[in-house]
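Here UniProt numbering is used: the first residue of the sequence shown is 1, the next is one more, and so on. Where is the CB? At the ideal position from N, CA and C, for every residue including glycine. Inspection log for the structure reproduced underneath, given as structure tokens.
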Amino acid sequence: MRIGIDARMVNNTGIGRYLRNLLRQLARLDRQNEYFLFLNKGERFALTQENFTAVSLKISVPLYSLREQYWLPLEIRRCQSDIMHYPNFDLPVCSPAPYIVTVHDLIYFLYPEQCPSRLAHYYARAMLAHSTKRARVVVTDSEYSKQDLQYYFRLPAEKIRVILPAADERAFPGEPNPALLAQYDIIQPYILYVGKHHAYKNVMILMRAYMAQREIHQNFQLVIAGKKDPRQKALYDAAEQFDCGKRILFTDFVPDEDLFDLYRGARLFAFPSRYEGFGLPPLEAMACGVPVICSNAASLPEVVGDAAIQVQPENISALADAICSVLTNENLWQTLKNKGLTRAQQFSWETSARQLLKVYQDAAETA
Numbered sequence: 001m002r003i004g005i006d007a008r009m010v011n012n013t014g015i016g017r018y019l020r021n022l023l024r025q026l027a028r029l030d031r032q033n034e035y036f037l038f039l040n041k042g043e044r045f046a047l048t049q050e051n052f053t054a055v056s057l058k059i060s061v062p063l064y065s066l067r068e069q070y071w072l073p074l075e076i077r078r079c080q081s082d083i084m085h086y087p088n089f090d091l092p093v094c095s096p097a098p099y100i101v102t103v104h105d106l107i108y109f110l111y112p113e114q115c116p117s118r119l120a121h122y123y124a125r126a127m128l129a130h131s132t133k134r135a136r137v138v139v140t141d142s143e144y145s146k147q148d149l150q151y152y153f154r155l156p157a158e159k160i161r162v163i164l165p166a167a168d169e170r171a172f173p174g175e176p177n178p179a180l181l182a183q184y185d186i187i188q189p190y191i192l193y194v195g196k197h198h199a200y201k202n203v204m205i206l207m208r209a210y211m212a213q214r215e216i217h218q219n220f221q222l223v224i225a226g227k228k229d230p231r232q233k234a235l236y237d238a239a240e241q242f243d244c245g246k247r248i249l250f251t252d253f254v255p256d257e258d259l260f261d262l263y264r265g266a267r268l269f270a271f272p273s274r275y276e277g278f279g280l281p282p283l284e285a286m287a288c289g290v291p292v293i294c295s296n297a298a299s300l301p302e303v304v305g306d307a308a309i310q311v312q313p314e315n316i317s318a319l320a321d322a323i324c325s326v327l328t329n330e331n332l333w334q335t336l337k338n339k340g341l342t343r344a345q346q347f348s349w350e351t352s353a354r355q356l357l358k359v360y361q362d363a364a365e366t367a
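As structure tokens, this is what we get:
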């Protein structure tokens, strides 16, 4: 079987990390099928296995661009793929091969303010509807996202396969690099959040909960890791306004090679998001041996199980009390750490890759 994979995002964060982990496991598991990884001009992803071929697009095809509709199909057609895998919903309307599509979440559908423009929102809605309707199989990251796809796009349950992601292989317990923490002006002990700063992520709620407990904000730094967003000026202004002690730190973008040291150095990981298609940061924190507090919204209960403290996403006092409880109770802290490590081990990229390989086979047989 000749399997094409749209790998243009392989060196990105988020979906890129998802792709990298899956591709490495597929290479370890499958030496029979032929794989063609479509990469933008100048992009590199090293897999030395003979049945994996990197196809460098002669002309770069940016995400969400018109070139996706005329140039990308030409390149795919040349490789005569039996099945294509698009790891995101932006794909050629006229795909030259039967395909599966991975829909990680419905952020652009449910939260239109996250799109850069109204036109981008309409495009995302249209592409989500089209890509899922025409796909042989729709892969998603959680049962919660599966239910959303069934509800909003009227997809039959049998068309959707849930394949759970896992923590990155670099997520493991250990001591952080002190020089690296100092590079980001991080002072231990600290509470960590990792992710975007959009309103649905509830970073404002986290800051207010942190400031509500004097004992906490006087003794623990709050580190908010993630690329700053110019649209969130009100958030940054609020941090300046009520953080007189300058204990709230926005790191801006943190590359993957640094991120896991930030996890390992944290005393607590807090993630009060209202919506997640899966919620990888809490899982990565648990894999690094860090106790987790998160919201009980969307897919997060699927991810953390009973290994984290869950609170209502808008309940500032409940979040503040939970933070205080974990940071002042050593027995609770150790219990959550141990439960988190056990929980994280239940997720495996090898299992994910085996399930994906079965999806490829099933989709090709029905093509």
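{"Check": "Pick helix, strand or coil for Ile216, following the three-state DSSP scheme.", "Outcome": "helix"}
{"Check": "Thinking C-alpha only, which one of Glu68, Asp90, Arg44, Val203 is nearest Leu101?", "Outcome": "Position check: residue 101 holds Val in this sequence, whereas Leu was assumed. Selected option, being the one with the closest Cα: Asp90."}
{"Check": "Determine the closest residue to Arg264 out of Val137, Leu192, His104, Asn33, with distance taken between C-alpha atoms.", "Outcome": "Leu192"}
{"Check": "Give me the Cβ distance between Val139 and Arg154, rounded to the nearest whole Å; I'm assuming they're in contact under 8 Å.", "Outcome": "The pair is not a contact, with the Cβ atoms about 18 Å apart (cut-off 8 Å)."}
{"Check": "Would you check if there are 3 or more beta carbon pairs closer than 8 Å linking the segment 275 to 292 to the segment 35 to 50?", "Outcome": "no"}
{"Check": "For the beta strand (DSSP E) containing Asp6, name the first residue and the last one.", "Outcome": "2 to 6"}
{"Check": "For Lys337, count the other beta carbons within 10 Å of its own beta carbon; 16 or more makes it buried, fewer makes it exposed. Which is it?", "Outcome": "buried"}
{"Check": "Please specify which runs of the alpha helix (DSSP H), each continuous and at least 4 residues long, are wholly inside the segment 263 to 295, giving them in chain order.", "Outcome": "280 to 287"}
{"Check": "Can you name, in chain order, every residue of its own chain whose Cβ lies under 6 Å from the Cβ of Asp306, other than the five neighbours on each side?", "Outcome": "none"}
{"Check": "Starting from the Cα of Gln188, find the closest Cα among Ser273, Pro112, Asp6, Asn219 and give me that residue.", "Outcome": "Asn219"}
{"Check": "Rounded to whole angstroms, what's the CA-CA distance from Asn51 to Gly4? Just pull it up for me.", "Outcome": "12 Å"}
{"Check": "Given a cut-off of 8 Å on the beta-carbon distance, is the pair Asp111 and Tyr200 in contact?", "Outcome": "Here residue 111 turns out to be Tyr, not Asp, going by the sequence shown. Yes, these two residues count as a Cβ contact at 8 Å."}
{"Check": "What ranges does the alpha helix (DSSP H) occupy inside the segment 34 to 79, keeping only unbroken runs of at least 4 residues that lie completely in it?", "Outcome": "67 to 79"}
{"Check": "Does the segment 139 to 151 touch the segment 176 to 186, meaning 3 or more C-beta pairs lie closer than 8 Å?", "Outcome": "no"}
{"Check": "Roughly how many angstroms lie between the CA atoms of Gly340 and Gln69, to the nearest whole one?", "Outcome": "44 Å"}
{"Check": "Since Ala120 is in the beta strand (DSSP E), which residue starts that stretch and which ends it?", "Outcome": "Per DSSP, Ala120 belongs to no beta strand (DSSP E); it is in the alpha helix (DSSP H), 118 to 134."}
{"Check": "Looking only at C-alpha atoms, which of Asp185, Pro62, Leu22, Leu222 sits nearest to Leu327?", "Outcome": "Leu222"}
{"Check": "Find the nearest neighbour of Val303 within the set Pro282, Ile293, Leu319, Pro313, judged by alpha-carbon distance.", "Outcome": "Pro282"}
{"Check": "Round the Cβ separation of His198 and Lys228 to the nearest angstrom and send it over; I've been treating them as touching at under 8 Å.", "Outcome": "Wrong, their Cβ atoms sit about 12 Å apart, outside the cutoff."}
{"Check": "Within 10 angstroms of its Cβ, does Lys358 collect 16 or more other Cβ (buried), or is it exposed?", "Outcome": "exposed"}
{"Check": "Tell me the rounded alpha-carbon separation between Tyr108 and Ser295.", "Outcome": "21 Å"}
{"Check": "Figure out for me which residue from Ser299, Asp258, Lys246, Gln114 has the closest Cα to the Cα of Pro230.", "Outcome": "Gln114"}
{"Check": "Out of Thr335, Ala167, Gln232, Ser273, state which residue places its alpha-carbon closest to the alpha-carbon of Leu259.", "Outcome": "Ala167"}
{"Check": "Would you decide whether Ala285 is buried or exposed? Buried here means 16 or more other CB atoms lie within 10 Å of its CB.", "Outcome": "buried"}
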